[in-house]
Amino acid sequence: MNKFQKERDEIFGTKKLNEEQKRAVIDAVHAPLKRKTQWLTAVVVAGVLGISSFLLFVPNEQQVVEEEPSPIENQYTATTLEQLTEQQLGNMPFKTLKIVEPFVTNNDALIINKVQWEGEGFDDLQYYLLYAEKNNGKWEQQNLFPGFVNDNRWNNVTLHNEDYFYGILTDNEVENVIVGNTEASLWDVDGNTRVWFAKAKSINTPVYYEKNETRSLLSIGWTNLSTTIPFIEGNANEQTLRYTGDTMYRGNKEYTEFPLLIDPYYYGQNPYNSGDVVAIETLNGVEITRIIDTNQNKVTIDESKIIIGENFVSYEFYLAANYNGDTSIYLDERIEFTRTESDEVFVHPDNWGSSGTRGPISKEAIKGKVIGYDLHGVTNTMTQQDLNLFSEVQEMVQKMKWRKYAVNPLNTILKDASAQSVAKLYFYAHYLEDYETMYALINQSQNTPPPYKQWVENMKLVTTKSSKQRLLVNIYEANRMTMNTATKRLEWLDENSGQTISYLPMVKDEGIWKITYETVKRN
2 MNKFQKERDE
12 IFGTKKLNEE
22 QKRAVIDAVH
32 APLKRKTQWL
42 TAVVVAGVLG
52 ISSFLLFVPN
62 EQQVVEEEPS
72 PIENQYTATT
82 LEQLTEQQLG
92 NMPFKTLKIV
102 EPFVTNNDAL
112 IINKVQWEGE
122 GFDDLQYYLL
132 YAEKNNGKWE
142 QQNLFPGFVN
152 DNRWNNVTLH
162 NEDYFYGILT
172 DNEVENVIVG
182 NTEASLWDVD
192 GNTRVWFAKA
202 KSINTPVYYE
212 KNETRSLLSI
222 GWTNLSTTIP
232 FIEGNANEQT
242 LRYTGDTMYR
252 GNKEYTEFPL
262 LIDPYYYGQN
272 PYNSGDVVAI
282 ETLNGVEITR
292 IIDTNQNKVT
302 IDESKIIIGE
312 NFVSYEFYLA
322 ANYNGDTSIY
332 LDERIEFTRT
342 ESDEVFVHPD
352 NWGSSGTRGP
362 ISKEAIKGKV
372 IGYDLHGVTN
382 TMTQQDLNLF
392 SEVQEMVQKM
402 KWRKYAVNPL
412 NTILKDASAQ
422 SVAKLYFYAH
432 YLEDYETMYA
442 LINQSQNTPP
452 PYKQWVENMK
462 LVTTKSSKQR
472 LLVNIYEANR
482 MTMNTATKRL
492 EWLDENSGQT
502 ISYLPMVKDE
512 GIWKITYETV
522 KRN
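Residue numbers (the numbering used here): 2 to 524.
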């Protein structure tokens, strides 16, 4: 343990800094350095320790750090980049991984270093990037900035009065990183770790990853808004609409798969809220869109990012430019809209690639709130291949006696079937009230279900007209489910909120997927 670590640990103890505290320390210590007045190493160390110990007791107050002139000018100046790096990081256990020279200009360089911290507090801060320029034959440090190991995070730095983004990448499936419409430089530095760097048009420029020729928006900070559309059993006051527009597409034909339920009286008793999906009247007919703002703010779209007010970027209520089918969208433009009036709301479609309405609209143009899909409008989404497989399974089951379901002759039919396919067979059998086929698809070797006749009586009690419509929803959802081997469940997760929408416990039995018996309610 070197002197820096020892002094740090004496003050930190076993306490661990939270993200806000770590950021305050890093911002205070590693702000761009002045060329003629640099910090002494001892002053830097004392500053880190003092700021950090104070943050541990006053975490919510903004810290102000005043610079003091150093009695030594050009402390971090050296003949070689190696010497310059040693001057800056010599009090830390570091290793230089890569030197990029030239970098932005013909007389500069980027030195990528790894620091192995001991103890707690800075576990994910493992990399430091040092930017230097060469003047009169000597290298001078201009900037030192941290790199965090996080595939869903990036940082920005200003060099020569221009914005640059950089990040630390460990996902080997990422082929390219795109900042706006610029491909980032990508360097292998440490095993599977890569560092990327790119010039950005502004701090609002979006970042995309390319995997398997598909571009997707980097998820940090965008939204936890659920894009899952609920299935609702409507009432007489609500209207149905079969929508065919693409204004809300996010890759799965959202809001067009089944008839929608519209509540035309909702806003007679409820306020307009950001995030609401609504049906509006346009010159081209009814359009489905999303309310973004209701508070008479000035709204700007800057490089595919919606900005509400002067400086506030709304992450909570909108979905950023992401999908147009499977292709990402980047709008290299800035659009300023007129301020929304008291009798207006600001709307924007989820699908940025559509021709949907953008901007303030009159509240009178809103025909109702979209509350979800009409449950009774859901139809069977089994493919012909699914139906053919079901017929084979059903025929085999009819040749079996229920007492011998544990000795399973379905192996030859289902040996290549996925968990999703078997789940659809199970749900469809339930929809047809074919209890023998259902029972044959339940795993008999563990969590043994009740005897067949008792199990059938229990199932009949919970099978209703509405529940059968729900089974059609289950079949539809199964196409979007993935197998979670840790929980042994087939799960459908909301891609934005990360919440589990639905699941079915399953296990492989003698090489084929089977449903795990839990309760009558689920099975």
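Even for Gly, the Cβ is constructed at its ideal location relative to N, Cα and C.
If Asp495 sits next to Ser227, beta carbons under 8 Å apart, how far is it from one beta carbon to the other, in whole angstroms? 5 Å
From Ala407 to Asp387, what does the alpha carbon distance come to, in whole angstroms? Any answer about Ala407 is weak, because its pLDDT of 48 lies below 50 and its placement is not dependable; what the coordinates show is given next. The alpha-carbon atoms of Ala407 and Asp387 are separated by roughly 24 Å.
Touching or not, the segment 294-309 and the segment 390-404, by the rule of three or more beta carbon pairs under 8 Å? no
DSSP state of Val474, grouped into three classes? helix
Report the three-state DSSP secondary structure of His161 (helix, strand or coil). In the structure shown, the three-state DSSP call for His161 is coil.
What beta strand (DSSP E) runs, 3 residues minimum, are completely inside the segment 341-415? Listed in chain order, the complete beta strand (DSSP E) runs (minimum 3 residues) inside the segment 341-415 are 345-349, 360-363, 367-375.
Whole angstroms is fine: what's the gap from Glu334's alpha carbon to Asp264's? 36 Å
Look at the Cβ atom of Val287, then the Cβ atom of Leu242, and state whether they are nearer than 8 Å. yes
Quick one: what's got a C-beta closer than 8 Å to Gly512's C-beta in the same chain, skipping five residues either side? Asn412, Lys416
Any heavy atom of the ligand GTP within a distance shorter than 7 Å of the CB on Lys416? Looking at this structure, you won't find the ligand GTP or any other ligand, since it has none at all.
First through last residue of the beta strand (DSSP E) which encompasses Gln143: 139-149
For Val158, collect the residues of the same chain with a Cβ closer than 6 Å to its Cβ; drop the 5 residues on either side in sequence, then sort them by chain order. So the list reads Phe146, Tyr165, once near-sequence residues are dropped.
Taking just the CA atoms, how far does Thr501 sit from Glu492? 7 Å
Quick check on DSSP: helix, strand or coil for Trp197? strand
Return the chain-ordered list of same chain residues with a C-beta closer than 6 Å to the C-beta of Ile1, the five sequence neighbours on each side being excluded. Since the first residue of the chain shown is 2 and the last is 524, residue 1 is not available in this structure.
Given Asn173, which residues of its chain have a CB within under 7 Å of its CB, disregarding the five upstream and five downstream residues? So the qualifying residues of the chain are Asn193.
Could you name the residues of the same chain whose beta carbon sits closer than 7 Å to that of Glu134, not counting the 5 residues immediately before and after it, in chain order? Asn108, Asp109, Glu141, Gln143
Helix, strand or coil: which one does DSSP assign to Phe1? Outside the displayed span of the chain (2 to 524) sits residue 1, for which this structure offers no information.
Given that a residue counts as buried once 16 or more other Cβ atoms are within 10 Å of its Cβ, and exposed if not, what is Phe13? Any reading at Phe13 must be qualified, since the residue scores a pLDDT of 41, below 50, and its modelled position is unreliable; the value itself is stated next. Of the other Cβ atoms in all chains shown, 16 or more fall within 10 Å of the Cβ of Phe13; this residue is therefore buried.
Indicate whether Gly378 and Phe259 have their beta-carbon atoms separated by less than 8 Å. Going by C-beta atoms, Gly378 is nearer than 8 Å to Phe259.
Reducing DSSP to helix, strand and coil, say where Ala104 ends up. According to the sequence as given, residue 104 is Phe; it is not Ala. Three-state result, Phe104: coil.
Rounded C-beta distance between Gly148 and Tyr167? I'm assuming under 8 Å. 7 Å
Does the Cβ-Cβ distance between Pro207 and Ala321 come in under 8 Å? Between Pro207 and Ala321, the CB-CB gap stays under 8 Å.
Simplified DSSP assignment, three categories, for Glu337: strand
Using a 10 Å radius around the Cβ and a threshold of 16 neighbouring Cβ atoms, would you call Ile204 buried or exposed? exposed
Pop quiz: Leu98 and Val116 are said to be a contact at Cβ under 8 Å. What is the actual Cβ separation, rounded to whole angstroms? About 11 Å; that fails the 8 Å criterion.
Whose C-alpha, out of Ile113, Tyr331, Pro361, is nearest the C-alpha of Leu218? Tyr331
Can you grab the Cα-Cα spacing for the pair Tyr440 / Tyr453, in whole Å? 7 Å
Quick one, which of Tyr210, Asn136, Glu434 has its alpha-carbon nearest Arg154's? Checking every option, the nearest Cα to that of Arg154 belongs to Tyr210.
Near Lys299, which residues of its chain fall below 6 Å by C-beta distance, leaving aside the five closest residues on each side in sequence? Arg340
Helix, strand or coil: which one does DSSP assign to Glu83? Of the three classes helix, strand and coil, the one that applies to Glu83 here is helix, per DSSP.
Go ahead and label Lys515 buried or exposed: buried means 16 or more other beta carbons lie within 10 angstroms of its beta carbon, across all protein chains shown. buried
Determine the DSSP secondary structure at Tyr1, reduced to helix, strand or coil. Residue 1 lies beyond the stretch modelled for the chain, which goes from 2 to 524, so this question has no answer here.
Look at the alpha carbon of Tyr504 and the alpha carbon of Asn485, and state the distance between them as a whole number of angstroms. 10 Å
Under the three-state DSSP convention, the category Ser419 falls into: Ser419 falls in the coil class under three-state DSSP.
Please go through the same chain and pick out, in chain order, the residues whose beta-carbon is closer than 6 Å to the beta-carbon of Pro361, but skip the five residues on each side of it. Thr341, Glu345, Phe347
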